[in-house]
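One structure below.
Numbering (my numbering), first residue to last: 1211 to 1341.
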């Protein structure tokens, strides 16, 4: 019988992958920065291998995130959904949006953009609907 990865390891690995992809970084690139092979990083991202605290700190530094990012919102297995990740997180548009957003240094401008996007999302229609 094969031992299944712990749900926390899977969720931490998923957050690592999401952050890496959003930063446009390859597994090889991140692995090199933290001193592991891309195969080891794949195992971290799948939850197959656990990430030590020191490695998690190295990952957070390489991705310019707080270590707490990787454990925020942990869910119990029974609270998990199908495991499907939101489509936007790995779409080209989603990555482009996040990349452009992080290039904006003015915090007030970033807050206004978030407010605008929330307002647009709450309208329930898009420009295509109006055409």
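Glycine included, C-beta positions come from ideal geometry on N, C-alpha and C.
Closer than 8 angstroms by C-beta to residue i: which residues in its own chain qualify, once you throw out the five before and the five after it? Chain order, please.
i            : result
residue 1311 : 1320, 1323
residue 1216 : 1257, 1260
Rounded to a whole number of angstroms, what is the C-alpha to C-alpha distance between residue i and residue j?
i            : j            : result
residue 1244 : residue 1250 : 11 angstroms
residue 1266 : residue 1258 : 15 angstroms
residue 1235 : residue 1226 : 11 angstroms
residue 1246 : residue 1332 : 43 angstroms
residue 1221 : residue 1326 : 30 angstroms
residue 1285 : residue 1218 : 8 angstroms
residue 1214 : residue 1302 : 31 angstroms
residue 1233 : residue 1272 : 10 angstroms
residue 1281 : residue 1264 : 14 angstroms
Mark residue i as exposed unless 16 or more other C-beta atoms lie within 10 angstroms of its C-beta, in which case mark it buried.
i            : result
residue 1261 : buried
residue 1240 : buried
residue 1229 : buried
residue 1330 : exposed
For residue i, collect the residues of the same chain with a Cβ closer than 7 angstroms to its Cβ; drop the 5 residues on either side in sequence, then sort them by chain order.
i            : result
residue 1253 : 1259
residue 1164 : This structure does not reach residue 1164, given that the chain is present from 1211 up to 1341, and the question cannot be answered.
residue 1223 : 1254, 1255, 1256, 1257
residue 1318 : none
Once you ignore the five residues that flank residue i on each side, which residues in its own chain have a CB closer than 6 angstroms to its CB?
i            : result
residue 1268 : 1244
residue 1248 : 1237, 1238, 1241
Is residue i near the ligand FMN, judged by its Cβ being under 7 angstroms from some heavy atom?
i            : result
residue 1303 : You won't find the ligand FMN in this model; it holds no ligand whatsoever.
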